[in-house]
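J.: Dropping the structure in here first, questions after.
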Amino acid sequence: MIFIIALLFLLLVGFIFVWFKAAAAQVAADNRQPVLSISAQVVTKRHDTGGAGGISATSYYVGFELESGERKEFPVSGNEYGMLAEGDKGTLSYQGTRYQGFQRQRY
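So the sequence shown is residues 60 to 166, counted in my numbering.
Right under this line is the structure:
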């Protein structure tokens with residue numbers, strides 16, 4: 060019984076280690092990328108709500124279509140999510156997979 064508990068504990072620690080290593084590798088890869096600013100349009104907005112034990116959390120995402128036709132989706136803050144509307148056009152700034160901001164085009 061103790062062997063099974065120890066094995067499960069080691070598997071959990073190993074999983075956490077691999078997860079942190081992957082996250083650190085993604086941050087390092089993003090840091091090596093240049094910050095790009097490109098014309099884009101907001102094409103989608105979505106949110107995911109989850110939680111347990113009476114605690115909930117909401118994650119917000121905004122999808123952009125770049126001038127090349129490529130689409131990219133980024134996690135954003137709730138405030139940023141609220142300020143953007145589908146159809147907004149402007150300049151998207153991002154670094155690798157990291158959202159930097161969106162400057163709406165003034166008409």
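Cβ atoms here follow ideal geometry from the backbone N, Cα and C, with glycine treated the same way.
#1: If you pair each beta-carbon of the region 145-153 with each one of the region 100-110, do three or more pairs fall below 8 Å?
#2: May I have the straight-line CA-CA distance separating Tyr158 from Glu132, to the nearest angstrom?
#3: Just to confirm my understanding: we take Val94, look at its own chain, exclude 5 residues before and 5 after, and list those with CB closer than 8 Å. What are they?
#4: Taking 8 Å as the threshold, find out whether the region 105-120 comes into contact with the region 133-140 through three or more Cβ pairs.
#5: Run the CB neighbour count on Phe161, radius 10 Å, all protein chains shown included, and call it buried at 16 or more, exposed below.
#6: Starting from Gln100, trace the beta strand (DSSP E) both ways and give me its first and last residue.
#7: Hey, how far is the Cα of Ala87 from the Cα of Arg130?
#8: Whose CA, out of Arg163, Gln85 and Gly73, lies closest to the CA of Thr156?
#9: Using 10 angstroms around the beta-carbon of Phe76, count the other beta-carbons present and answer buried if the total reaches 16, otherwise exposed.
T.: Answer, in terms of the structure:
#1: Segments in contact, yes.
#2: Taking the straight line joining both Cα atoms gives about 9 Å.
#3: Beyond the five residues adjoining it in sequence on each side, Val94 comes within less than 8 Å, by CB distance, of Ser152, Tyr153, Gln154 and Gln159 in the same chain, given in chain order.
#4: Yes: the two stretches touch, three or more of their Cβ pairs being nearer than 8 Å.
#5: Buried is the label assigned to Phe161, since at least 16 other Cβ atoms lie within 10 Å of its Cβ.
#6: Where Gln100 is concerned, the enclosing beta strand (DSSP E) starts and stops at Val94 to Ala111.
#7: Here the alpha carbon of Ala87 sits roughly 23 Å from the alpha carbon of Arg130.
#8: Comparing alpha-carbon positions, the option among Arg163, Gln85 and Gly73 lying closest to Thr156 turns out to be Gln85.
#9: Phe76 should be labelled exposed.
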